[in-house]
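**Q**
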Amino acid sequence: MNMRVLDPRFAAASAALGAALVLLARRRARRPRRVVITGGCGNLGSKLAAHLLRSPEDWSVVLLEHPAFHSDAKVAEGATCVLGDLADGGGAWAAALRGADAVVHFSAVNPYPNASWEESAASMLHTFNVLLLAERAGVRRVVLASSNHVMGGYKEKRSHGLVRPADPPACGTPLRDPAHLAASGDAVAYAVAKLTGEQLCKSLAATRRGLLPGPSYYMLRIGWCQPGENMPATLSAAGVPPEFPILEVNKSTRQTGSTQARSGAC
-16 MNMRVLDPRF
-6 AAASAALGAA
4 LVLLARRRAR
14 RPRRVVITGG
24 CGNLGSKLAA
34 HLLRSPEDWS
44 VVLLEHPAFH
54 SDAKVAEGAT
64 CVLGDLADGG
74 GAWAAALRGA
84 DAVVHFSAVN
94 PYPNASWEES
104 AASMLHTFNV
114 LLLAERAGVR
124 RVVLASSNHV
134 MGGYKEKRSH
144 GLVRPADPPA
154 CGTPLRDPAH
164 LAASGDAVAY
174 AVAKLTGEQL
184 CKSLAATRRG
194 LLPGPSYYML
204 RIGWCQPGEN
214 MPATLSAAGV
224 PPEFPILEVN
234 KSTRQTGSTQ
244 ARSGAC
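Position 129, counted from 1, in the sequence shown is what the numbering used here calls 112; the numbers after and before it change by one each time, with no gaps.
1) Can you find at least 3 beta carbon pairs, one from the stretch 110 to 125 and one from the stretch 199 to 212, that sit closer than 8 Å?
2) Kindly confirm or deny that the stretch 170 to 181 and the stretch 91 to 100 touch, where touching means at least three C-beta pairs closer than 8 Å.
3) Mapping the DSSP letters down to three states, classify Thr21 as helix, strand or coil.
4) Can the beta-carbon of Val250 be found closer than 9 Å to that of Gly72?
5) If you run the structure through DSSP and keep just helix, strand and coil, what is Pro228?
6) Please identify the residue among His132, Thr21 and Asp150 whose C-alpha is closest to the C-alpha of Trp76.
7) Run the CB neighbour count on Gln209, radius 10 Å, all protein chains shown included, and call it buried at 16 or more, exposed below.
8) Under the three-state reduction of DSSP, which class applies to His88: helix, strand or coil?
9) Please report the distance separating the alpha-carbon of Thr179 from that of Asp55.
10) Span of the beta strand (DSSP E) holding Cys64?
11) Distance check for Gly136 and Ser130, CA to CA, integer angstroms please.
12) Please report the residue range of the beta strand (DSSP E) in which Leu46 lies.
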């Protein structure tokens, strides 16, 4: 009886090839992960959507945007855009959250540091509705676009030294530009809206104590991001690009809190 001994090197290569084919088959069978981006036609929202959709086999992107700020030119190729007012917690837009793997929340009524208390209160309402409805919809991950202005007060506290993650929040930064100074005086209202969103994320996570299913929360304190490329020549002390003036919100809209501005700065 003739016996053939298999070369161990050939056996190992065959096993590796088999494993690779299995992984490839699984990858092809795996559905793209679905990400919902609020403020999806804004500065950061549109940039993130375009980045994810460079790999359409991995990502499916839904943009949530207010009808007043929807722009076909800002909708990334391959993305689906759902129009709605995030101030309306019972709006049809909430259906877009069902089945989502992740929600990235950029939307803000005034996404710049000179936001008034009125505008910031409306932004908080957007955040409350998105976070609570994402929890209800069973979204796995929620990413909150917060801001470095949550710690901005330390810029005026030079004696504090290095600012560390464990340091308590110090909301706001004085605005140097006269026009923006007249609008709000400082960045406190803007920063408080961001901090409030952070605290709600922490509260929602803490109530489950890891025992109940629910989203994982990630809070990013983002710095100044200009539309397009970040160019030193167009940086401004106020954090507002000259080619993108502050949104003017009419009085009736402000009273209802039903405006959703494009997300520019964080």
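Glycine included, C-beta positions come from ideal geometry on N, C-alpha and C. This one's a predicted model, so the numbers in the text were calculated from it and none came from an experiment.
**A** The structure says:
1) yes
2) yes
3) Here residue 21 refers to the residue found at position 38 when the sequence shown is read from its first residue. DSSP places Thr21 in strand when its eight states are reduced to three.
4) Residue numbering for the chain in the displayed model covers -16 to 249; residue 250 lies beyond these limits and cannot be assessed.
5) By one-based count along the sequence shown, residue 228 stands at place 245. Summary for Pro228: the model assigns pLDDT 43, below 50, so the residue's position carries little reliability; its value from the coordinates is reported in the next sentence. Residue state, collapsed to three classes: coil.
6) Numbered from 1 along the sequence shown, position 93 holds the residue referred to as residue 76. Of His132, Thr21 and Asp150, the residue nearest in Cα terms is Thr21.
7) The count along the sequence shown starts at 1 and reaches residue 209 at position 226. Classification for Gln209: buried.
8) Within the sequence shown, the letter at position 105 stands for residue 88. Here His88 sits in strand by DSSP.
9) For the purposes of this step, residue 179 is identified with residue 196 of the sequence shown, where counting begins at 1. For the purposes of this step, residue 55 is identified with residue 72 of the sequence shown, where counting begins at 1. Using only the alpha carbons, I get a separation of about 32 Å.
10) Stepping through the sequence shown from its first residue, residue 64 is reached at position 81. That run of the beta strand (DSSP E) goes Thr63 to Leu66.
11) As a working mapping, residue 130 is identified with position 147 in the sequence shown. As a working mapping, residue 136 is identified with position 153 in the sequence shown. So the two alpha carbons sit approximately 12 Å from each other.
12) Residue numbering aside, residue 46 sits at position 63 when the sequence shown is read from its first letter. Counting along the chain, the beta strand (DSSP E) containing Leu46 begins and ends at Trp42 to Glu48.
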